[in-house]
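The structure under discussion appears below in the form of structure tokens.
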Amino acid sequence: MDWTPWRDEFPIFGSKTYLNTCSLGPLARRVRAAQETFLDEWDAAGAAAWYDRWLDALDGLRERVARVIGASKEEIALAPSVSVALSAIASAIDPPDRPRVVLSELEFPTVAYQWAVKPRAERVFVPAEDGVRVRPEAFEAAVDGRTAVVATSHVQYTSGAIVDIARVARAARAHGALSLVDAYQATGQIPTDVHAAGVDVLVTGGLKWLLGGTGIAFLYVRRELATDLRPTIAGWFGNARQFEFDPRKFEFHGDARRFELGTTANAAVYAASAGIDLVRSIGVDRIRSRTRELVDDLAERLVDAGHEVLSPREPEARAGIVAVRMRDPAKAVRALADRGIVVDSRHDRLRVSPYFYNTPEDHERLLEALRPFRP
Ligand SMILES: Cc1ncc(COP(=O)(O)O)c(C=O)c1O
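Quick note, my numbering runs 40 ahead of the 1-based positions in the sequence shown.
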């Protein structure tokens, strides 16, 4: 497949070597066009656009998200951020006899914070043996009959390690606990079927591998749970009779929309929809094999140059994030930025995240610029 037309879809490559999708996907021409469509509709119709267009656009986005993770539309709620989506779901889970929440020490902090602020919650952090990944056996050993939730990332944001979410979900289920997956670093780049994996809850968002920009995130709640769980934070979007405007009567929406709160950022809705359409028009399977080849190429170049790669060695175990140990990673980020190369850093490492639009030539430029930072 010739990937050049896809690269041309992203103007940033005219001036930068962009290798930072794990932080923020670059802006595609068609995503910009979608935002302009939203502005045109706002301009032409004002509030009438809600009824003519925007409510349908929300539904269209729920449908798109459902397709990309193997769910149905009724299992998807929209949220302004993953943190809000997590807060809504965490508000519904507080069984008195199950105070424990099992999660790994590699989680993105916002996952852990949900339970840090719950007075009765006991957080159990599963250790990462090497700062790269957490063995599924470690999750299995940590879950017990007092566990309410087992939370894991699908792809670790600091190393790109792929987690076997089906296995973590099984471990949770075996003890009557719920599984919760933070898939922000996976959705779009890793084929996902939440039903086949047996996942109970999944959160993800639009701005990274789905190429949609800021201001929108998604919550998947398994169908039976979505009608069972009762969030203890609420807003009018979560009311089944939203447009009756009756302040006395709140009736939980009959599906995952009960976790929604208030008015959406519609520019973000349009951008996210266009980003997902772009990803789906290539196909997540194809994206995965392309990204895998790029990651192999990048990891090999880094190792050959003497760098320590803090990502799994096995190609099938790593997604599009390659972490490189550095003494001063922030300094390296700045030095690379001076040469038009965009990457970022976390803790003790540089994160380089190639996606389908990148090329081995991007890697060559990166390696050249990293020369002064060889160990
Ligand atoms: C794995 C993961 N989860 C969550 C987030 C952030 O979520 P939000 O800012 O939407 O709450 C990030 C952002 O970088 C992330 O990488």
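Backbone N, C-alpha and C fix where the C-beta goes; we use that ideal spot for every residue, glycine too.
*Less than 8 Å separating the beta-carbons of Gly200 and Val362?*
yes
*Would you decide whether Ser329 is buried or exposed? Buried here means 16 or more other CB atoms lie within 10 Å of its CB.*
exposed
*Please check if any C-beta of chain B sits within less than 8 Å of the C-beta of Leu350.*
Absent from the structure is chain B; it holds one protein chain and no more.
*asked:* ligand 1 and Gln154: does any heavy atom of the ligand fall closer than 7 Å to the residue's C-beta?
replied: no
_Suppose the cutoff is 6 Å on Cβ atoms and the five residues either side in sequence are ignored; what does the same chain contact list for Ser112 look like?_
Contacts found: Ala106.
*Report all residues from its chain with a CB closer than 6 Å to the CB of Arg47; omit the five preceding and five following residues, and keep chain order.*
Phe53 and Tyr397
_Check: Phe165 C-beta below 7 Å from any heavy atom of ligand 3_ = The model depicted lacks ligand 3 and carries ligand 1 instead.
_Status (buried if at least 16 other CB within 10 Å, exposed otherwise) for Glu356_ = exposed
*Is the Cβ-Cβ distance between Val373 and Val364 less than 8 Å?*
Cβ atoms of Val373 and Val364: not closer than 8 Å.
_Taking only three categories from DSSP, how would you classify Arg163?_
strand
*Would you list the residues sitting across from Phe413 in a DSSP beta bridge?*
According to DSSP, Phe413 bridges with nothing at all.
*asked:* Tell me the DSSP secondary structure of Ala260 in three-state form.
replied: Here the sequence assigns Tyr to residue 260, which means Ala is not the residue at that position. For Tyr260, the secondary structure class from DSSP, reduced to helix, strand or coil, is strand.
*Look at Leu251 and Val319 and say whether their C-beta atoms are less than 8 Å apart.*
yes
*asked:* Once the 5 residues before and after Asp336 are set aside, which same chain residues still bring their CB inside 8 Å of it?
replied: Pro355
*Could you pull out every residue in the same chain whose Cβ sits closer than 6 Å to the Cβ of Trp276, ignoring the five residues on either side in sequence?*
Within the same chain, Cβ atoms closer than 6 Å to the Cβ of Trp276 are found at Gln282, the five residues on either side in sequence being excluded.
*In angstroms with no decimal places, state the Cα-to-Cα distance between Phe285 and Val189.*
Rounded to whole angstroms, Phe285 to Val189 spans 35 Å at the Cα level.
_Excluding the 5 residues flanking Arg389 on each side, which residues of the same chain have their C-beta closer than 7 Å to its C-beta?_
Thr198, Leu350, Ala363, Val364, Arg365, Met366 and Pro369
*Using DSSP bridges, identify the partner residues of Leu220.*
Ala191 and Val241
*Anyone know if the C-beta pair for Phe299 and Pro271 falls short of 8 Å?*
yes
*Alpha carbon to alpha carbon, how far is Met41 from Ala156?*
47 Å
*DSSP state of Asp92, grouped into three classes?*
helix
*CA-CA distance, Val208 and Ala84?*
49 Å
*Among residues of its own chain, excluding the 5 on either side of Ala409, which ones have a beta-carbon nearer than 6 Å to its beta-carbon?*
Leu376, Arg379 and Ile381
_Closer than 8 Å is the cut-off here; do at least three beta carbon pairs connect the region 302–315 with the region 130–137?_
no
_Do His215 and Gly110 have their beta-carbon atoms positioned less than 8 Å apart in this structure?_
no
*Which stretch, first to last residue, makes up the beta strand (DSSP E) that contains Arg391?*
Arg389 to Val392
*At which residues does the beta strand (DSSP E) containing Val142 begin and terminate?*
Arg140 to Ser144
*Is Thr57 helix, strand or coil when you go by DSSP?*
strand
*asked:* Would Ala68 and Phe50 qualify as a contact pair, given that the criterion is a beta-carbon distance under 8 Å?
replied: In this structure, Ala68 sits near Phe50, with a CB-CB distance shorter than 8 Å.
_Using a Cβ-Cβ cutoff of less than 6 Å, which residues in the same chain neighbour Asp268 once the five nearest sequence positions on both sides are dropped?_
Hits under 6 Å: none found.
*From Asp184, Tyr224 and Glu162, residue whose alpha carbon lies closest to that of Val203*: Tyr224
*Among Lys248, Arg213 and Ala217, which has the Cα closest to the Cα of Ile230?*
Lys248
*Going by the C-beta, is Val221 closer than 7 Å to any heavy atom of ligand 1?*
no
*Per DSSP, which one or two residues make a beta bridge with Ser429?*
With the chain covering 41 to 415 only, the question about residue 429 has no answer from this structure.
*asked:* With the cut-off set at 8 Å, would you say Val166 and Val174 are in Cβ contact?
replied: yes
*For Val183 versus Ala217, is the C-beta spacing smaller than 8 Å?*
yes
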